[in-house]
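Visitor: With the UniProt record's numbering, letter number 258 in the sequence shown gets 258, and the count goes up by one each step, no holes.
C-beta atoms are modelled at their ideal positions from N, C-alpha and C, and glycine is treated no differently.
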Amino acid sequence: MFDPKDPSMSPIMESQSFPSSRASTLAPSNGSISDMEKETGTSSAAASIQDLKIEHIALPKTAAADSPLDSTSLNRSTKSSDEVIPDYPTGMKLGLIVLALCLSVFVMALDNSIIATAIPRITDEFNSLNDVGWYGSAYLLTTASFMLLFGKLFTFFSIKWFYLLAIALFELGSLICGTAPSSIALIVGRAIAGIGGAGIYVGSLIILTYSVPLEKRPIYTSFVSSMWGISNVAGPLLGGLFTDSLSWRWCFLVNLPIGAVTVLVILIFFPDPVRKVTKEGWRTRLIQMDPIGNLLFMPAIICLLLALHWGGVTYSWNSSRIIALLFIFGTAMTSFIYIQYRNQDNATVPPRIFRKRSVWSSAFYAFNLGAAFLLSVYFLPIWFQSVKGASAVNSGVMNLPMLGGVVIFSLVAGALVTLWGYYTPWMILGSMLMAIGYGLISTFKPDTPAGLWIGFQIIAGTGVGFGMQQPLMAVQVVLDAADVPTGTAIIIFSQTIGGAIFVAIGQMAFTNKLVDSVREYVPGIDPATVIASGVTAVRENLTSELLHGIAYAYSDALAQAFLVSAVTASVTIVGALFVEWKSVKGKDVRASIA
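1. Taking 8 Å as the cut-off, does the region 225-243 touch the region 391-411 (at least 3 CB pairs, one atom from each stretch)?
2. Comparing alpha-carbon positions, which option in 356, 295, 319 lies nearest residue 331?
3. Three or more C-beta pairs under 8 Å: does that hold for the region 365-384 against the region 445-452?
4. Is it buried or exposed, residue 58, if we count other Cβ atoms within 10 angstroms and call 16 or more buried?
5. Can you check whether the CB of residue 188 is closer than 9 Å to the CB of residue 176?
6. Assuming residue 527 and residue 547 form a contact by the criterion Cβ under 8 Å, report the distance between their Cβ atoms to the nearest whole angstrom.
7. Would residue 206 and residue 349 qualify as a contact pair, given that the criterion is a beta-carbon distance under 9 Å?
8. Give a yes or no on contact between the region 456-469 and the region 402-419, applying the rule of three or more CB pairs nearer than 8 Å.
9. Go through the region 334-386 residue by residue and report every complete run of the beta strand (DSSP E) that reaches 3 residues or more, in order.
10. Across which residues does DSSP place residue 487 in a beta bridge pair?
11. If we call anything under 9 Å between Cβ atoms a contact, is residue 89 one with residue 211?
12. Between which residues of its own chain and residue 303 is the CB-CB distance below 6 Å, once the five residues before and five after are set aside?
13. At which residues does the alpha helix (DSSP H) containing residue 466 begin and terminate?
14. Let me know the secondary structure DSSP gives residue 311 once reduced to three states.
15. Rounded to the nearest angstrom, what separates residue 307 and residue 505 at their Cα positions?
16. With a threshold of 9 Å between beta-carbons, can residue 318 be considered close to chain C, or not?
17. Excluding five sequence neighbours on each side, which residues of the same chain lie with their C-beta closer than 7 Å to the C-beta of residue 108?
18. Residue 261 lies in the alpha helix (DSSP H); which residues open and close that run?
19. Might you give, ordered along the chain, the residues of its own chain that have their beta carbon closer than 7 Å to the beta carbon of residue 105, omitting 5 neighbours on each side?
20. In three-state terms, what does DSSP make of residue 319?
21. Alpha carbon to alpha carbon, how far is residue 111 from residue 194?
22. With DSSP as the reference, label residue 183 as helix, strand or coil.
23. What residue does the alpha helix (DSSP H) around residue 545 start on, and which one ends it?
24. For residue 81, does the three-state DSSP call read helix, strand or coil?
25. Using CA atoms only, rank isn't needed, just tell me which of 162, 530, 98 is closest to residue 550.
26. According to DSSP, is residue 245 part of a helix, a strand, or is it coil?
27. Closest by CA to residue 435, which one among 272, 521, 568?
28. On the CB-based measure, 16 or more other CB atoms within 10 Å of its CB, does residue 581 come out buried or exposed?
29. In the DSSP assignment, find the unbroken alpha helix (DSSP H) run with residue 285 in it and report its ends.
30. Which residue comes first and which comes last in the alpha helix (DSSP H) that contains residue 111?
31. Please list, in chain order, all residues of the same chain as residue 138 whose beta carbon is under 6 Å from its beta carbon, the five residues on each side excluded.
32. From the DSSP output, read off the bridge partner residues of residue 410.
33. Per the DSSP calculation, residue 423 is bridged to which residue(s)?
34. Looking at the secondary structure, which residues open and close the alpha helix (DSSP H) in which residue 172 lies?
35. How many Å lie between residue 560 and residue 497 at the Cα?
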């Protein structure tokens, strides 16, 4: 028992001194220290010392200095003076929560890949060939634009209910798409689904932080992250199956029952975390949401992506539309950065968070990894179809070595971080493997044998798998629990926007080179005709000799896109080298205290 007169305990008293305001934070929610004195007869000093001892046991010193406590963390029972009984879900309850999160991320990612094989049937029904670009862009625009907003919503409001709201928006968008009477309705549905998708991915990873201890979190994060790779494999296959056997509408309607399962599991088994910030008034929290910053940020991102999507394809780069979009982006983004600096802790991206070395370096790593990976996901199937003559479904099968490597080694990396604790080495290894793999992929030729295009994909996919989830681990280790939602949103947004920007850059590099390559290999054909015809249609009406030239033209042009992927993969090493060497086992901050 603690004796305040015992001189051997004096170092504890000296090392655990706190200001009076801090001591008041430590008071149990069901009564003040003076109330406890009346009931137990203990002295005020002894009660204060005991509270300090509870904090010393439950939290590392860094977290104690920065993170407010709530009644959950103080009323947690202990087996002994040195061990806190975990209150994370376990057993079947944990399994169901993780399964629900995996399913929700799977359908969210699937919605981005399944539509590719359905587009021909959609355009046939709606006579909407000019709208093809919007079917993918509408989803991507709203997903990227709303990610940081959801990070703030999860920080200041109910995690559980806003996650369910995100699923509801995604389901509503899917329902609109599945029952769309026109192309415009389909585009609107895609945009609504994208808003929900932003909240689903951010929210799933945040819920995971409240369900699994940090030292075990890497392996569970790898389960959720691997859904991206699995969905990219399943998307074209399921899209082809639904389109041929049922209807293209089932590419969207399939989301409804899966989403319903997730809603049911989260509703029943995930308790909404009680956090100090959620007890503040609505007006206070709305001010902290940085409404002006968000109103500037979302149109800035939309204008940037529209300019990249249209520039050089629909409109020339010097057209008034593209110039106006880039001007609005520059003005709005400059204003957004100023607002972030002025608002500080109330900003969408608080400067004190982004200034942390591991946060900005992890965001840089995620940005370039997302660029390298999405470029390959987008352009490798085109290479298989245009150069090897594969069908849409078969091109998805031929892309399995890459995506399989991502899924398998994401799980392997999660297990290694869980066992060893350190994540930075796997970021560095991932950078090296990605650079090598994508560099080798940029050497693809029409006569490249299967052994090489399979092996090169495996190398690149292994690198992506090792590196994909590590930025999330880094921010969760260096940030206080209250800042984890914002940090998570920053990483996911960086990965998403990196892919969106560089797919557009890769498209420009590919298109420009294709014009020159067609003139070189098949001088009798107008390059504009080849580009307008598309990948598969151009092969249907050509002789075998011309097809040989077209294959080489496409291969050379796609090599430029793969080279962009190799460059962005190589640049990830800069971010990896700046990430601090810390271990998930060196921090035991419980998410429930945020």
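Guide: Taking the coordinates as given:
1. yes
2. 295
3. no
4. Confidence in residue 58 is poor, its pLDDT being 39 and thus under 50, which makes the residue's placement unreliable; the coordinate value appears in the next sentence. Buried: at least 16 other Cβ atoms inside 10 Å.
5. yes
6. Their Cβ separation, rounded to whole angstroms, is 16 Å, which puts residue 527 and residue 547 out of contact at 8 Å.
7. no
8. Yes, they touch.
9. none
10. According to DSSP, which records beta bridges pairwise, residue 487 is partnered with nothing at all.
11. yes
12. Taken in chain order, the residues that qualify are 325, 328, 329.
13. Its alpha helix (DSSP H) spans residues 450-467.
14. Note: residue 311 maps to strand in three-state DSSP.
15. 11 Å
16. No chain C appears in the structure shown, which is made up of a single protein chain.
17. Counting only Cβ-Cβ distances below 7 Å, and skipping sequence neighbours, we find 170, 197, 200, 201.
18. 255-269
19. Listed in chain order, the non-local C-beta contacts of residue 105 below 7 Å within the same chain comprise 200, 201, 204, 224, 227, local neighbours out to five positions each way being set aside.
20. coil
21. 9 Å
22. helix
23. 544-578
24. At residue 81 the pLDDT is 36, less than 50, meaning the model places this residue with poor confidence and gives no usable figure here.
25. 530
26. helix
27. 568
28. exposed
29. Per DSSP, residue 285 is one residue of the alpha helix (DSSP H) stretching across 282-288.
30. 91-113
31. 187, 190, 191
32. The partner list for residue 410 (beta bridge, DSSP) is empty, contrary to what the question assumes.
33. Note: residue 423 sits in no beta bridge, so no partner.
34. 159-178
35. C-alpha separation (whole angstroms): 21 Å.
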